[in-house]
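Structure first, then comments.
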Amino acid sequence: MDRNRVPVLVGVGQVTEKEADLDRVSSPLDLMEQATWRAVADAGIARERLADVDVLTVVRSFKESTRNSPAGLARRVGATTARQWLTPNGGNMPQYLVNRYSEAIARGEMRFALLSGSEAIDNFRRLSKAGRTPDWQEPAEADAEYLFPEKQMWNEVEQAHGLMIPAHAYPLYENALRGHYGETIEAHQRAMGELFARFTDVAAEHPHAWYPIRRTAEDIATATPDNRFVGWPYTKYMNAMNQINQGATLLLTSVGYARELGIDESKWVYLHGCAEANELWHLTDRENYYGSPAIRTMGERAFAMAGRGIDEMDFIDLYSCFPSAVQIARDELGIARSDSRPLTITGGLPFHGGAGNNYVMNSIASMVDTLRAHPGRFGLVTANGGYLTKHAAGIYSTEPSPLPKRGEAPWMREDPALYQQHIDAIDHPRLEAAPDGRAGIETYTVLFGREGEPEAGIVIGRLQDGARFCAHVPRDRELLLAMTREDFLGRSGQVTTGDPVNVFAPDL
Numbered sequence: 060m061d062r063n064r065v066p067v068l069v070g071v072g073q074v075t076e077k078e079a080d081l082d083r084v085s086s087p088l089d090l091m092e093q094a095t096w097r098a099v100a101d102a103g104i105a106r107e108r109l110a111d112v113d114v115l116t117v118v119r120s121f122k123e124s125t126r127n128s129p130a131g132l133a134r135r136v137g138a139t140t141a142r143q144w145l146t147p148n149g150g151n152m153p154q155y156l157v158n159r160y161s162e163a164i165a166r167g168e169m170r171f172a173l174l175s176g177s178e179a180i181d182n183f184r185r186l187s188k189a190g191r192t193p194d195w196q197e198p199a200e201a202d203a204e205y206l207f208p209e210k211q212m213w214n215e216v217e218q219a220h221g222l223m224i225p226a227h228a229y230p231l232y233e234n235a236l237r238g239h240y241g242e243t244i245e246a247h248q249r250a251m252g253e254l255f256a257r258f259t260d261v262a263a264e265h266p267h268a269w270y271p272i273r274r275t276a277e278d279i280a281t282a283t284p285d286n287r288f289v290g291w292p293y294t295k296y297m298n299a300m301n302q303i304n305q306g307a308t309l310l311l312t313s314v315g316y317a318r319e320l321g322i323d324e325s326k327w328v329y330l331h332g333c334a335e336a337n338e339l340w341h342l343t344d345r346e347n348y349y350g351s352p353a354i355r356t357m358g359e360r361a362f363a364m365a366g367r368g369i370d371e372m373d374f375i376d377l378y379s380c381f382p383s384a385v386q387i388a389r390d391e392l393g394i395a396r397s398d399s400r401p402l403t404i405t406g407g408l409p410f411h412g413g414a415g416n417n418y419v420m421n422s423i424a425s426m427v428d429t430l431r432a433h434p435g436r437f438g439l440v441t442a443n444g445g446y447l448t449k450h451a452a453g454i455y456s457t458e459p460s461p462l463p464k465r466g467e468a469p470w471m472r473e474d475p476a477l478y479q480q481h482i483d484a485i486d487h488p489r490l491e492a493a494p495d496g497r498a499g500i501e502t503y504t505v506l507f508g509r510e511g512e513p514e515a516g517i518v519i520g521r522l523q524d525g526a527r528f529c530a531h532v533p534r535d536r537e538l539l540l541a542m543t544r545e546d547f548l549g550r551s552g553q554v555t556t557g558d559p560v561n562v563f564a565p566d567l
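Note that my numbering has the sequence shown beginning at 60, numbered continuously upward.
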């Protein structure tokens, strides 16, 4: 049977730049170029072969530094004839690209793809602090063309209450998880510290980690002047770190073209299973705040495609912007809390560093390196964009994909639209934009300022008819501190309509 169109990753490159001389700091394009040349060297091909790339896609940076970064990268690496795309925002995008482009390669619609992305936020910050305005613009004939249109991930009610900021939204999941687990505030804080302490163990050994430092569970879980609360119960060490300088590039092609390029088979890593799924789009539309039907469905489809189960994954990298993202993915994918396998191969976004939307490009590159060092083993990578909104997963191995059955394509997967429709049909609470009356807290968080003082409390609650609402609590320091010391989940109170911010006064 013809396996020439089976997709395969053949080259990966990563770069991390720390404390470079201010006269020689890299721009995002510089980092992507460096990562690309490393991927070329990794694949063992001549640089000139990038002229054969037919699709070049850049994952959008948090700080887009030039008018057309795909065109800039294509010009620098000699891939100017490639179709050039920029992705919308979303930490799911690197794995999404591998999934979709693998499908295109298997269909014969694409032959050789270059995927890249980076952030240079730390360099930008250092230059700005020194009074120097970075000029990273490069000539471009036109604006970058988006792979597909950006779609706003919050509604007006969420925006009015500050829920478009991830550091405000994810703590809502965390407190709901604590209630779901039946844990005290103290026990759950320790559990989060223990979870991420294991991530620091991995980061300490990773050559590209921004913070290669082992920290104890107590170090991570305890609020101090250097590790203040941000959105309670999260300390600073529990938040994704995007003020870094990191880039990564992947080279994706077919088995047939990899042979034509002369790439040694020891470099090949196959995508055995993959899937994508979106949660109900807005945060306030979710079924609850301790689970994810999208992650559960995505995992089921990816494992079914691979013909493998979660217990057969030797290496795992779960998207880790905040502890709740890890715990919910762990639960939905069927990983026991007592499982001894590390849930990251990089150290995760808080400790390896998360290059904005591009972290998973580093994750996949690290997975490729890991699997090459352990031939025949399997690895799982998950990706998440928004507020546990957009998900993608990939299952990888150096072991070739199984031969297809008679009449089947050499590589095929289920259309994500077929299972997305079931997620979209999930029943969920109605959002009441202008609530008034008796109500209870479904979940909540307290936001802290840079001086370590509580500044605001955000509540998602339920009216007596079951409708959901957003509100802030009164700005009273003692109330805000009490909400971090006592369990306010389920607490009753009175909600009053605001313009635009609703106010919930809990019973004391």
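Every residue, glycine too, gets a C-beta built ideally from N, C-alpha and C.
Taking residue i as the reference, give the member of the options with the closest Cα.
{"i": "D370", "options": "A282, D398 and V74", "result": "D398"}
{"i": "L320", "options": "D111, N347 and Y455", "result": "D111"}
{"i": "R287", "options": "L567, H531, E514 and G508", "result": "G508"}
{"i": "P352", "options": "C333, A280, L392 and E324", "result": "L392"}
{"i": "V518", "options": "P129, E217 and G149", "result": "E217"}
{"i": "L156", "options": "V328, N127, E253 and A334", "result": "A334"}
{"i": "R472", "options": "E92, A133, R159 and F255", "result": "R159"}
{"i": "A268", "options": "K77, D566, P494 and R83", "result": "K77"}
{"i": "I454", "options": "Y229, V114, G131 and F362", "result": "F362"}
{"i": "S161", "options": "S460, A179 and L81", "result": "S460"}
{"i": "G358", "options": "A388, G103, P559 and Y270", "result": "A388"}
{"i": "E338", "options": "A172, N151 and H265", "result": "N151"}
{"i": "V59", "options": "A384, P533, I394 and A199", "result": "Here the chain covers residues 60 to 567 and nothing more, so residue 59 does not appear."}
{"i": "T457", "options": "G444, V328 and P488", "result": "V328"}
{"i": "P409", "options": "G70, Y478 and F258", "result": "F258"}
{"i": "V336", "options": "A203, H450 and R184", "result": "Note that residue 336 is Ala in the sequence shown here, rather than Val. A336 has its Cα closest to that of H450, out of A203, H450 and R184."}
{"i": "Q143", "options": "P153, A163 and A172", "result": "A172"}
{"i": "D181", "options": "A414, A468, V69 and T448", "result": "A414"}
Is there at least one non-hydrogen atom of the ligand SAM closer than 7 Å to the beta-carbon of residue i?
{"i": "R191", "result": "This structure lacks the ligand SAM; in fact it carries no ligand of any kind."}
Secondary structure at residue i, three-state DSSP: helix, strand or coil?
{"i": "V562", "result": "strand"}
{"i": "N416", "result": "helix"}
{"i": "L339", "result": "coil"}
{"i": "T146", "result": "coil"}
{"i": "W96", "result": "helix"}
{"i": "F255", "result": "helix"}
{"i": "G368", "result": "coil"}
{"i": "A79", "result": "coil"}
{"i": "E391", "result": "helix"}
{"i": "L548", "result": "coil"}
{"i": "F171", "result": "strand"}
{"i": "V74", "result": "strand"}
{"i": "T429", "result": "helix"}
{"i": "V84", "result": "coil"}
{"i": "G103", "result": "coil"}
{"i": "T192", "result": "coil"}
Taking the beta strand (DSSP E) that residue i belongs to, which residues open and close that run?
{"i": "H531", "result": "R527 to H531"}
{"i": "W327", "result": "Element bounds for W327: n/a, residue is neither H nor E."}
{"i": "T312", "result": "N304 to S313"}
{"i": "Q211", "result": "No beta strand (DSSP E) contains Q211, which DSSP labels as neither H nor E."}
{"i": "I375", "result": "F374 to D376"}
If I follow the unbroken alpha helix (DSSP H) through residue i, where does it start and stop?
{"i": "A219", "result": "E215 to A219"}
{"i": "E514", "result": "Note, E514: premise wrong, no alpha helix (DSSP H); beta strand (DSSP E) at P513 to L522."}
{"i": "N443", "result": "Run containing N443: none in the alpha helix (DSSP H); it sits in the beta strand (DSSP E), F437 to G444."}
{"i": "G407", "result": "G407 to F410"}
{"i": "D483", "result": "P475 to D483"}
{"i": "E537", "result": "R536 to R544"}
{"i": "R497", "result": "Unbroken run through R497 is the beta strand (DSSP E), G496 to F507; no alpha helix (DSSP H)."}
{"i": "I164", "result": "M152 to A165"}
{"i": "L132", "result": "S128 to V136"}
{"i": "L115", "result": "Here L115 belongs to no alpha helix (DSSP H); instead the beta strand (DSSP E) covers V114 to V117."}
{"i": "E233", "result": "P225 to Y240"}
Per DSSP, which residues does residue i bridge with? Please list them.
{"i": "I272", "result": "For I272, which the question treats as bridged, DSSP gives no partner whatsoever."}
{"i": "E277", "result": "E277 is not bridged to any residue."}
{"i": "K449", "result": "N337 and G444"}
{"i": "G176", "result": "A307"}
{"i": "S456", "result": "Y329 and F437"}
{"i": "V289", "result": "In DSSP, V289 forms no bridge with anything."}
{"i": "V554", "result": "G496 and F563"}
{"i": "V67", "result": "T312 and Y329"}
{"i": "T294", "result": "F288"}
Applying the 10 Å Cβ sphere with the 16-neighbour rule, what's the burial state of residue i?
{"i": "E501", "result": "buried"}
{"i": "D89", "result": "buried"}
{"i": "T95", "result": "buried"}
{"i": "Y205", "result": "exposed"}
{"i": "E277", "result": "exposed"}
{"i": "K188", "result": "exposed"}
Would you say residue i faces chain C, with C-beta separation under 8 Å as the test?
{"i": "Q305", "result": "Chain labels in this structure do not include chain C; a single protein chain is all it has."}
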